[in-house]
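Accompanying notes for the structure given below.
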Amino acid sequence: MRLDSEVARKKFELEVETLERHSIGLRQRGCWVFKSEFPIIDVVLVPKHPVQLLIPVAAPAGPGGLNIVLQQNPVPFLSARAFGVRIGLDDFDQRAPSVSFRDPWTWEPLDYATNPNCFNGYHIDNQNRKVPVLLIHPESKLPFLCMRGIREYHEHPQHTGDDWMLYRGNMSVFGLLSNILDACIDRVRPSLILQGIGIACSMMPGE
Amino acid sequence: MSKEYDERHEHHEHHEHKEHHKHHEHKITIIFRINGEDVRVEANPNSPLLSAISKALAESGNTGRPPEEWGAYKQGSPLDPKATIEELGLSDGVLIELTLKVAAGG
């Protein structure tokens, strides 16, 4: 432990209080706080965008020959599966909050090997490009959000120059959840793509 | 010139001055939600959103990072901080969430 446990507990309580104060707004964005027990906060995120069925169709041929475009067909009653996020506040805020993705039924860690494409995350950068932010961590081999404000980012071997201490005064668990909702819920479109006789499932970036 | 003309002219000038004054004085209140805390800021609709963001960050003590590093969102949709409040169509009492940009994906 880097932080006195009483101080860490008090900071944890303040963060939980803020989440409780904004619980209605968080639910409207698809986020339910399931459990908060020092030093863990478990939340369930419920995707809202409908699945889009993408069907390749022939479009008018351009100078290069036949042109295939993907026709978008939303399926309003289907969406992606809900998933859990566990936020660890041990040593907060000497260390950034830890974020891991969980099965909301068992709270076991989700991994891409057994649950490919079950969730994803995108960020819009300064050039308005959609950048994937849900990557595999080199040490845990589990999916992690490569974003500032998250322990797995700041303690990642490639981000040692972007220390948590530069940001900790301006970041909270509420702000962290807003960023996770933005990346993993608002910007993701679950998609089924017809490919020959098969169907590919993908979590594509949205607006 | 007739007395009637003078009175009308004076009335017109007075009205124009009042309208001009009103245009410059009219301000709206923007509620910025920063890390779960609400900060109310008065803003001129003709000024860029960034100036109101700077004011909100200063008033709330969030001065550790420059205002340009914060993202502004209205109901989850990003707002261009360089656009004026009027151009963004923001009305009195609007709620805007500010979060530190995450510069992610590397």
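Protein sequence lines correspond, in order, to chains R and C.
So the mapping is simple: the working numbering equals the position in the first sequence, first residue as 1, plus 620.
The numbers in the working numbering rise by one with no breaks, and the one at position 35 of the second sequence is 26.
No residue lacks a Cβ here, since even glycine has one placed at the ideal position from N, Cα and C.
Does the beta carbon of Y787 (chain R) come closer than 8 Å to any beta carbon on chain C?
yes
Can you find a CB in chain C that lies within less than 8 Å of the CB of F794 (chain R)?
yes
With a cut-off of 8 Å, does the C-beta of T90 (chain C) fall near any C-beta of chain R?
yes
Could you tell me whether any Cβ in chain C is nearer than 8 Å to the Cβ of S643 (chain R)?
no
Give me, in chain order, the residues of the same chain whose beta-carbon lies closer than 7 Å to that of C651 (chain R); leave out the 5 immediate sequence neighbours on both sides.
V663, L665, L797 and L801
If you measure between the beta carbons of Q672 (chain R) and S760 (chain R), is that distance less than 8 Å?
In this structure, S760 (chain R) does not lie closer than 8 Å to Q672 (chain R) by Cβ.
Quick check: P717 (chain R) and G704 (chain R), are their CB atoms within less than 8 Å of each other?
no
Taking C-beta pairs closer than 8 Å, name the residues in chain R that R31 (chain C) reaches, listed in chain order.
Under the 8 Å cutoff, chain R gives no residues; its nearest Cβ is about 17 Å from R31 (chain C).
Please tell me whether A49 (chain C) has its Cβ less than 8 Å away from any Cβ of chain R.
no
Does the pairing of the stretch 68 to 77 of chain C with the stretch 34 to 48 of chain C give three or more beta-carbon distances under 8 Å?
yes
Residue nearest to L786 (chain R) in terms of C-alpha spacing, selected from C:S82, C:K46 and C:P57:
C:P57
Of all Cβ atoms in chain R, is any one closer than 8 Å to the Cβ of V93 (chain C)?
yes
I want to see whether chain C comes within less than 8 Å of T780 (chain R), judged by CB atoms only; does it?
Residue-level contact check: T780 (chain R) does not touch chain C, since none of the beta carbons of chain C fall below 8 Å from its beta carbon.
Can you say whether D711 (chain R) is buried or exposed, counting buried as having 16 or more other CB atoms within 10 angstroms of its CB?
buried
Alpha-carbon spacing of N26 (chain C) relative to I817 (chain R), whole angstroms
48 Å
Using only the alpha-carbon positions, how far apart do C804 (chain R) and F794 (chain R) sit?
15 Å
Is DSSP giving Y787 (chain R) helix, strand or coil here?
coil
By alpha-carbon positions, which one of C:A49, C:S68 and C:S45 ends up nearest to E59 (chain C)?
C:S45
Is T638 (chain R) close to chain C, meaning its C-beta is less than 8 Å from at least one C-beta of that chain?
yes
By alpha-carbon positions, which one of C:N35, C:G67, C:L48 and C:E28 ends up nearest to S792 (chain R)?
C:E28
Nearest-angstrom Cα separation, counted from I660 (chain R) out to D574 (chain R)
Summary: the structure shown does not reach residue 574 (chain R), with chain R confined to residues 621 through 827, and so no result is reported for it.
Helix, strand or coil for G685 (chain R)? Go by DSSP, reduced to three states.
strand
Flag this pair as yes or no: are the beta carbons of D745 (chain R) and V753 (chain R) separated by less than 8 Å?
no
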